[in-house]
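The end of the sequence shown is residue 181 by the working numbering, with every number in the run present. Below is one structure; the comments refer to it alone.
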Amino acid sequence: MIVQFVNRQRKHRIAGWKKLIREVLPAAWAACPAAGDLSERQLDTIVSVAFAGPRTMRRINRESRGIDRMTDVLSFPMIEASQGRIIQSIEACDLVLEQPGQPAVMLGDLVISLDRAFEQAIDLGHSAEREVAFLIVHGLLHLAGYDHMNSTDETVMLAMQKKIMSKLGMKRG
């Protein structure tokens with residue numbers, strides 16, 4: 009998995025967060041059925057992770073979702089997926105050659121608020137590392153087509169989050 013980073017905030021240093029995210033993303037992706045599908049086709053994956061400050065996060069949330077408030081993580085899928093399976097046909101025009109001879113599929117973009125992650129970590133009584141890892145897992149599951157808009161889908165997504173966080177050794181609280 010190729011992870012690209014963009015820093016749109018000034019308050020927090022991101023060097024240490026990059027390492028954590030580079031560990032969490034592939035582990036979370038491996039739990040999705042589509043990971044095996046793409047691996048069989050010898051396709052790598054790309055995820056872009058942007059860190060945003062409170063004003064930027066609120067603006068993006070307002071412009072993309074019509075919700076005028078700050079949030080912790082936003083996901084912008086580049087492929088059509090459902091319940092961890094890619095449901096669109098991946099054509100040659102969908103592939104990127106990030107590394108010579110290794111075609112890759114852009115899964116999408118994640119936007120993370122470190123400010124909100126730190127606040128939530130304190131409120132929930134666990135480390136900021138655990139909270140950022142959770143937000144990455146949550147966001148990646150959205151890129152993979154999981155959602156929580158109804159109780160059935162929410163149950164499935166919560167179970168996936170719990171399974172992945174447990175596998176990472178990052179339990180809540």
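For each residue, glycine too, the CB sits at the ideal point set by N, CA and C. In this text, all values refer to a predicted model and were calculated from it rather than measured experimentally.
- Residue pairing of ASP117 in beta bridges, as defined by DSSP: SER56 and PHE84.
- With fewer than 16 other Cβ atoms inside 10 Å of its own Cβ, ARG21 counts as exposed.
- Cβ contact annotation for MET114 (same chain, cutoff 7 Å, sequence separation greater than five): ILE54, MET86 and VAL104, in chain order.
- For ASN15, the uninterrupted beta strand (DSSP E) segment begins and ends at 10-16.
- Here DSSP, grouped into helix, strand and coil, assigns SER90 to strand.
- For ILE10, the CB contacts under 8 Å within the same chain, skipping 5 residues up- and downstream, are ASP52, THR53, ILE54, VAL55, GLU106, GLN107 and ALA112 in chain order.
- GLU139 and ALA125 have their C-alpha atoms some 6 Å from each other.
- Beta-bridge partners of LEU103 (DSSP): VAL113.
- Rounded to whole angstroms, the Cβ separation of SER83 and GLY116 is 6 Å, and the two are in contact under 8 Å.
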